[in-house]
Amino acid sequence: MNHTSIFKERLAEVANLEKEISSHMMTVRFNEKRDHYIVALPKNSLGLDLVRVSKEKGKANALKLLLAKLEELYNGNTVAWIEA
Numbered sequence: 228m229n230h231t232s233i234f235k236e237r238l239a240e241v242a243n244l245e246k247e248i249s250s251h252m253m254t255v256r257f258n259e260k261r262d263h264y265i266v267a268l269p270k271n272s273l274g275l276d277l278v279r280v281s282k283e284k285g286k287a288n289a290l291k292l293l294l295a296k297l298e299e300l301y302n303g304n305t306v307a308w309i310e311a
C-alpha cells in the first residue's frame, strides 16, 4: 500500500466519523476549530451544553473519542462523559 492510498483512507475515516457525529442523537451542532472539535448537546439534567475534544493526538483519534463519549452519554453513563 502506498502513501497516497493510506492518506486517502485516513481522509475517508475522518469524513465518516464527522458524518456519524453530525447525525448523532446527542448532537445539536458540530463544529471543527483549529485545535479541537466542539459538539453542542441537547438540554439535559446535568446542565452540560457542549463538549470540546482536542485534536492534539490527531483528528481521527479525537473524533473516535468524541463519538464514544456521545454514545456513553446517550446510554446514560454521565460519569464517563464528565471525565472526558
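Take the sequence shown: its letters are residues 228 to 311, numbered as in the working numbering.
Positions of the beta carbon are idealized from the N, C-alpha and C atoms, including for glycine.
Here the structure is a predicted model, which is why all the values come from computation and not from measurement.
Through-space distance from residue j to residue i, alpha-carbon basis
i: Lys296; j: Thr231; result: 31 Å
i: Leu268; j: Glu283; result: 22 Å
i: Val266; j: Glu299; result: 14 Å
i: Leu380; j: Met253; result: A query on residue 380 cannot be resolved here, the shown segment of the chain reaching from 228 to 311 and no further.
i: Glu245; j: Leu290; result: 7 Å
i: Ile233; j: Lys260; result: 24 Å
i: Lys270; j: Asn302; result: 15 Å
Beta-carbon proximity list for residue i, same chain, < 7 Å, skipping 5 on both sides
i: Glu247; result: Leu294
Helix, strand or coil at residue i according to DSSP, with G and I counted as helix
i: Ser281; result: strand
i: His263; result: strand
i: Asn243; result: helix
C-beta contact flag for residue i and residue j at 7 Å
i: Arg279; j: His263; result: yes
i: Ala287; j: Val241; result: yes
Same chain, Cβ closer than 6 Å to residue i, five either side skipped, listed in chain order
i: Asn258; result: Ile265
Residues of its chain near residue i, where Cβ-Cβ distance is below 8 Å and the 5 sequence neighbours each way are ignored
i: Leu277; result: Ile265, Val266, Ala267, Leu268
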